[in-house]
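A quick write-up on the structure given underneath.
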Amino acid sequence: MRDAIAHILSWVLHLFVPQTHRRGPGRHSAEHFATVTTMSPAPRRQQPWTGPSSEDARAIFQADVSHLTPEQRERYWAAAFAEIGVEYPYRCEGDHFAALAASA
859 MRDAIAHILS WVLHLFVPQT HRRGPGRHSA EHFATVTTMS PAPRRQQPWT
909 GPSSEDARAI FQADVSHLTP EQRERYWAAA FAEIGVEYPY RCEGDHFAAL
959 AASA
(Lines of atoms letter the chains of each structure in order from A; the text may use other names.)
(Lines give C-alpha, C1' and ligand atoms only; values in the text may rest on other atoms or scores of the structure.)
Protein backbone atom coordinates (compact mmCIF):
# COMPACT_ATOMS: atom_id res chain seq x y z
CA MET A 859 0.00 0.00 0.00
CA ARG A 860 2.78 2.42 0.89
CA ASP A 861 4.42 1.72 -2.47
CA ALA A 862 1.27 2.72 -4.35
CA ILE A 863 0.92 5.91 -2.27
CA ALA A 864 4.56 6.81 -2.95
CA HIS A 865 4.05 6.30 -6.71
CA ILE A 866 0.95 8.49 -6.74
CA LEU A 867 2.66 11.20 -4.68
CA SER A 868 5.69 11.10 -6.96
CA TRP A 869 3.44 11.38 -10.05
CA VAL A 870 1.59 14.39 -8.58
CA LEU A 871 4.85 16.12 -7.65
CA HIS A 872 6.13 15.64 -11.19
CA LEU A 873 3.00 17.31 -12.50
CA PHE A 874 3.38 20.42 -10.37
CA VAL A 875 7.14 20.80 -10.07
CA PRO A 876 8.73 21.79 -13.36
CA GLN A 877 11.73 19.78 -14.43
CA THR A 878 14.90 21.85 -14.48
CA HIS A 879 16.49 19.62 -17.07
CA ARG A 880 15.09 17.20 -19.53
CA ARG A 881 16.49 13.73 -19.41
CA GLY A 882 17.58 12.42 -22.76
CA PRO A 883 16.65 9.10 -24.18
CA GLY A 884 17.92 6.00 -22.42
CA ARG A 885 21.32 4.65 -23.36
CA HIS A 886 19.84 1.54 -24.91
CA SER A 887 17.05 3.18 -26.86
CA ALA A 888 16.98 3.61 -30.61
CA GLU A 889 16.57 7.37 -30.19
CA HIS A 890 19.81 7.55 -28.23
CA PHE A 891 21.76 5.73 -30.94
CA ALA A 892 20.17 7.90 -33.65
CA THR A 893 21.25 11.15 -31.94
CA VAL A 894 24.64 10.20 -30.50
CA THR A 895 27.65 10.82 -32.68
CA THR A 896 30.61 8.66 -31.89
CA MET A 897 33.64 10.69 -30.96
CA SER A 898 36.64 8.62 -31.88
CA PRO A 899 40.10 9.98 -31.18
CA ALA A 900 42.05 11.34 -34.08
CA PRO A 901 43.77 8.48 -35.87
CA ARG A 902 47.47 8.23 -35.21
CA ARG A 903 49.77 8.09 -38.17
CA GLN A 904 51.08 4.60 -38.58
CA GLN A 905 54.84 4.41 -38.68
CA PRO A 906 56.20 1.91 -41.18
CA TRP A 907 57.73 -1.17 -39.61
CA THR A 908 61.49 -0.87 -39.82
CA GLY A 909 62.42 -4.08 -38.05
CA PRO A 910 63.11 -7.48 -39.54
CA SER A 911 60.30 -9.50 -41.03
CA SER A 912 58.99 -12.42 -39.05
CA GLU A 913 60.52 -14.83 -41.54
CA ASP A 914 63.98 -13.28 -41.08
CA ALA A 915 63.76 -13.33 -37.27
CA ARG A 916 62.37 -16.87 -37.28
CA ALA A 917 65.22 -18.07 -39.50
CA ILE A 918 67.81 -16.53 -37.17
CA PHE A 919 66.34 -17.92 -33.95
CA GLN A 920 65.59 -21.38 -35.38
CA ALA A 921 69.12 -21.93 -36.69
CA ASP A 922 70.87 -24.93 -35.15
CA VAL A 923 72.98 -23.34 -32.40
CA SER A 924 72.56 -26.10 -29.81
CA HIS A 925 76.29 -26.85 -29.83
CA LEU A 926 77.15 -23.25 -28.83
CA THR A 927 77.44 -21.93 -25.29
CA PRO A 928 74.81 -19.37 -24.23
CA GLU A 929 77.33 -16.53 -24.70
CA GLN A 930 78.28 -17.75 -28.19
CA ARG A 931 74.62 -18.17 -29.04
CA GLU A 932 73.91 -14.53 -28.12
CA ARG A 933 76.85 -13.35 -30.21
CA TYR A 934 75.67 -15.49 -33.15
CA TRP A 935 72.20 -13.93 -32.97
CA ALA A 936 73.69 -10.42 -32.68
CA ALA A 937 75.89 -11.02 -35.73
CA ALA A 938 73.01 -12.51 -37.73
CA PHE A 939 70.82 -9.50 -36.98
CA ALA A 940 73.71 -7.14 -37.79
CA GLU A 941 73.93 -8.73 -41.24
CA ILE A 942 70.36 -7.60 -41.98
CA GLY A 943 70.92 -4.17 -40.39
CA VAL A 944 69.23 -4.64 -37.02
CA GLU A 945 70.92 -3.86 -33.73
CA TYR A 946 70.51 -6.77 -31.30
CA PRO A 947 71.78 -5.87 -27.83
CA TYR A 948 73.38 -8.72 -25.92
CA ARG A 949 75.09 -9.14 -22.59
CA CYS A 950 78.24 -11.11 -21.88
CA GLU A 951 80.85 -11.19 -19.17
CA GLY A 952 83.13 -8.18 -19.36
CA ASP A 953 80.96 -6.24 -21.81
CA HIS A 954 80.78 -2.45 -21.87
CA PHE A 955 77.65 -2.47 -19.67
CA ALA A 956 79.69 -3.84 -16.78
CA ALA A 957 82.31 -1.11 -17.30
CA LEU A 958 79.60 1.56 -17.34
CA ALA A 959 78.04 0.21 -14.15
CA ALA A 960 81.43 0.21 -12.39
CA SER A 961 82.13 3.83 -13.31
CA ALA A 962 78.74 5.11 -12.14
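Residues 859 to 962, numbered by the numbering used here, are exactly what the sequence shown covers, in order.
Each residue gets a CB set at the ideal place from its N, CA and C atoms; glycine is no exception.
When the Cα atoms are used, what is the spatial distance from Arg916 to Ala936? 14 Å
Is the number of C-beta pairs between the stretch 885-895 and the stretch 915-935 that are closer than 8 Å three or more? no
Span separating the alpha-carbon of Ser911 from that of Ser924: 23 Å
Measure the C-alpha to C-alpha separation of Val875 and Ala862 and round it to an integer number of angstroms. 20 Å
Determine the burial state of Ile866: buried for a count of at least 16 other Cβ atoms within 10 Å of its Cβ, exposed for fewer. exposed
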